[in-house]
Amino acid sequence: MGLSFEISATAAGGGRRAALHLPHGTVQTPVFMPVGTAATVKTVQQETLEQIGSDAAGAQIILANTYHLYLRPGHQLIRRMGGVHRFMSWPRPMLTDSGGFQVFSLSELRKVTDDGVEFRSHLDGSKHFFSPEHSIDVQIALGADILMAFDECVETPATWERTRQSMDLTHAWAARSKAHFEAHSHEVPWASDFPGRTQSLFGIVQGGMYADLRRESAERLVEMDFPGYAIGGLAVGEPRDVTREMIARTLEVLPSDKPRYVMGVGYPDEIEEYARMGVDMMDCVLPTRAARHGLLFRSAEPGEEGCSSPGEHASATAVRMNIKRLEYAEDQRPIDPACSCLVCRRYTRAYLRHLFVVKEPLGATLNSIHNLSFYLDTMSRVRGSLVDAVALAVDPQSDCNRNAV
Ligand SMILES: [Zn+2]
2 MGLSFEISAT AAGGGRRAAL HLPHGTVQTP VFMPVGTAAT VKTVQQETLE
52 QIGSDAAGAQ IILANTYHLY LRPGHQLIRR MGGVHRFMSW PRPMLTDSGG
102 FQVFSLSELR KVTDDGVEFR SHLDGSKHFF SPEHSIDVQI ALGADILMAF
152 DECVETPATW ERTRQSMDLT HAWAARSKAH FEAHSHEVPW ASDFPGRTQS
202 LFGIVQGGMY ADLRRESAER LVEMDFPGYA IGGLAVGEPR DVTREMIART
252 LEVLPSDKPR YVMGVGYPDE IEEYARMGVD MMDCVLPTRA ARHGLLFRSA
302 EPGEEGCSSP GEHASATAVR MNIKRLEYAE DQRPIDPACS CLVCRRYTRA
352 YLRHLFVVKE PLGATLNSIH NLSFYLDTMS RVRGSLVDAV ALAVDPQSDC
402 NRNAV
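Residue numbers (my numbering): 2 to 406.
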């Protein structure tokens, strides 16, 4: 068995509170997954990752990138080290992408055929070939709890015809990924540690910015019966209302009893919005990448305007702050007075600004810890409110219902 998914509450807007049981542990959803590209969430050690967030509960699940680990140190080396969990000493759940997104971002360096993609390494120009089968072999060797079918990511913008053609290729590759995974799932490096357990392969819905193609892609993948589904090819420069629309149209088709993952999003208010629409999992490099550039997220103070537009649900608005600004040079406050992460409990804005200005590596570390904590706190708050919303809806003693009568 790969995973089981237990939904405990579904709110009116579609958001669900669930527990995703995986071989390396249980993940409470909706969840944000920090990205550990090269088997490291940049600048943050694993011991700290286990303690981020205001509740110090840490990251429940992290990502690693197949393309990067395939090139260095190589998936066979990681297999010999016992798989990526053991290699990086991360005992909690993990997910690997298929490598497709990175390979397709090498537009000058690749050649696509029905069989797969030939590409040149961004490191040394050496030639490589990824087929759906090879991507699955690499991901089995890495041994994350969840692995992804190999998909083609169409360029943006693309015509309907071009998107359709690319989507058909993605579907053919999804079927090949699934067949290959089913034949080889027993080869995962931790097979003997978790008897009877396997990785779980998710299919990826494509279809560009066309609602009819998104629906068709979801329908085709659902016919193939994956244990979970991802929505790929979004947040690639399209307007936010298009992203939202594509997610909404796809969620209508995906089975409600399986986990749903939107890849590569987004800002704090976006992950909150999508979680409330019924997305269970999200990942993004934004909190860590922004942190390394001195861009921090914090909650808005009363009367302060944030960067998000107020939605249907009252959300704690996120404010972006650039720590290198002179105004923080003698600011004794923590980044976010409402945050009780490791960094906000101990360090001032003045100190963080100093570290950034003199380019001390600790600055990137502390900024990353806070930004990741802010993202985890956002999802923790959403999970709490999903439960509360349902309790309110069914509680006959609640004020809302009494007023309605
Ligand atoms: Zn903090």
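All C-beta atoms, glycine included, are put in the ideal place defined by N, C-alpha and C.
- In chain order, the residues with a C-beta atom nearer than 6 Å to some heavy atom of ligand 1 are I336, D337, C340, C342, V344, C345, H371, S374.
- When DSSP states are grouped into helix, strand and coil, K128 belongs to the strand group.
- Straight across, the Cα-Cα distance linking N372 with A236 is about 20 Å.
- In the structure shown, D169 adopts helical secondary structure according to DSSP, grouped into three states.
- Using a Cβ-Cβ distance cut-off of 8 Å, the segment 210-225 and the segment 254-263 are in contact, since at least three pairs of beta carbons, one from each stretch, lie closer than that value.
- Secondary-structure assignment with DSSP links R121 through a beta bridge to K128.
- Counting only runs that start and end inside the segment 194-259, the alpha helix (DSSP H) elements of at least 4 residues fall at 212-225, 241-254.
- Around V155, the same chain offers T164, S167, G209 as residues with beta carbons nearer than 6 Å, after the five sequence neighbours per side are excluded.
- With a 10 Å radius around the Cβ and a threshold of 16 neighbouring Cβ atoms, V359 comes out exposed.
- Counting C-beta pairs closer than 8 Å gives fewer than three between the segment 321-341 and the segment 15-25, which falls short of the contact rule.
- Approximately 7 Å separates the beta-carbon atoms of L367 and L356; this is inside 8 Å, confirming the contact.
- One thing to note: A319 has its Cβ no nearer than 8 Å to the Cβ of S341.
- Put simply, the backbone Cα of D115 is about 7 Å away from that of L170.
- With distances taken between CA atoms, L4 lies nearest to L96 out of T379, L96, P269, V286.
- For R293, the secondary structure class from DSSP, reduced to helix, strand or coil, is helix.
- In this structure, DSSP gives H187 a helical state, which the three-state scheme calls helix.
- DSSP places D115 in the coil class of the three-state scheme, outside both helix and strand.
- Counting only the Cα atoms, Q200 lies some 20 Å from I8.
- Contact annotation, L202 with S178: C-beta distance approximately 7 Å; criterion of less than 8 Å satisfied.
- Using a Cβ distance threshold of 8 Å, V42 and P31 do not count as a contacting pair.
- Pairing I232 with D152 gives a Cβ-Cβ distance that is not under 8 Å.
- Look at Q29 here: in three-state DSSP terms it is strand.
- In the three-state reduction of the DSSP assignment, P35 falls in the strand class, which pools E and B.
- Exclusion of the five residues before and after A212 leaves R250 as the residues of its chain whose Cβ lies within less than 6 Å of its Cβ.
- Straight through space, the alpha carbons of P158 and D138 are spaced by roughly 32 Å.
- Beyond the five residues adjoining it in sequence on each side, V243 comes within less than 8 Å, by CB distance, of M210 in the same chain, given in chain order.
- A straight line joining the alpha-carbon of A10 with that of V113 spans about 43 Å.
- In this structure, A40 lies away from F102, with their beta-carbon atoms at least 8 Å apart.
- Spanning the alpha carbons of L387 and E51 requires a straight line of approximately 24 Å.
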